[in-house]
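Every letter in the sequence shown is one number past the one before it in our numbering, and letter 41, counting from 1, is 612. Backbone N, C-alpha and C define an ideal beta-carbon position, used for all residues, glycine too.
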Amino acid sequence: MNINEIQANICLKFGSDLCEIDPNGKIGIALASLNLSPIYGVRVKPENGTEGWYIWAGERSDEHDFFQPVHAAHIIDLLPEAAPYLALEPGYKFIIDRDGYEDVWRDEEGGVLSNNKDLN
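Next up, the structure:
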């Protein structure tokens with residue numbers, strides 16, 4: 572199964588519309604945290620050339636430089652565990668780990684991360 576099929580199955584499993592990302596769009600990733608666990612993802616409304624995703628591992632920091640802008644196409648190399656979830660629509664969140672734990676839900680409040688202006 573290719574990544575597009577995997578993403579479509581994840582969306583179906585969790586009741587999300589399929590909202591594919593642009594490989595050239597930007598995702599906010601906390602690069603310094605990627606060796607930690609668990610892995611968190613939050614998708615807010617895409618704007619300003621971003622895909623709306625913020626991804627980190629371990630504990631989230633409020634430091635202004637915690638997230639770095641990365642083209643979405645690089646997620647497969649940087650954090651392949653997160654790639655299956657990236658077609659979930661805005662408002663979805665996930666927590667996964669490298670041992671198979673998975674929790675995915677829709678946050679009707681839009682999540683704690685709603686300003687992606689720093690990713691441009």
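Item, Value
"Sequence-distant residues of the same chain with beta carbon closer than 7 Å to isoleucine 646, five excluded per side", "Ile598, Ala653, Ala654 and Leu657"
"Delimiting residues of the alpha helix (DSSP H) encompassing isoleucine 667", "Not the alpha helix (DSSP H): isoleucine 667 falls in the beta strand (DSSP E), residues 663–667."
"For alanine 628 and serine 604, the rounded distance between their alpha carbons", "5 Å"
"Inter-residue Cα distance where the pair is methionine 572 and isoleucine 581", "13 Å"
"Exposed unless 16 or more other CB atoms sit within 10 angstroms - verdict on leucine 650", "buried"
"Cut-off 8 Å between Cβ atoms - residues of its own chain near asparagine 595, not counting five sequence neighbours on either side", "His642, Ala643 and Ala644"
"Proximity winner among Ala579, Ser608 and Ile667, relative to isoleucine 592 (alpha-carbon distances)", "Ala579"
"Straight-line gap, glutamate 575 to leucine 589 (C-alpha atoms, nearest Å)", "It is asparagine, not glutamate, that sits at residue 575 in the sequence shown. Cα to Cα, the separation comes out at about 10 Å."
"Cβ-Cβ distance between arginine 677 and serine 608 below 8 Å", "no"
"Contact with chain B by glycine 586, beta-carbon distance below 8 Å", "The displayed structure is made up of one protein chain only, and chain B is not part of it."
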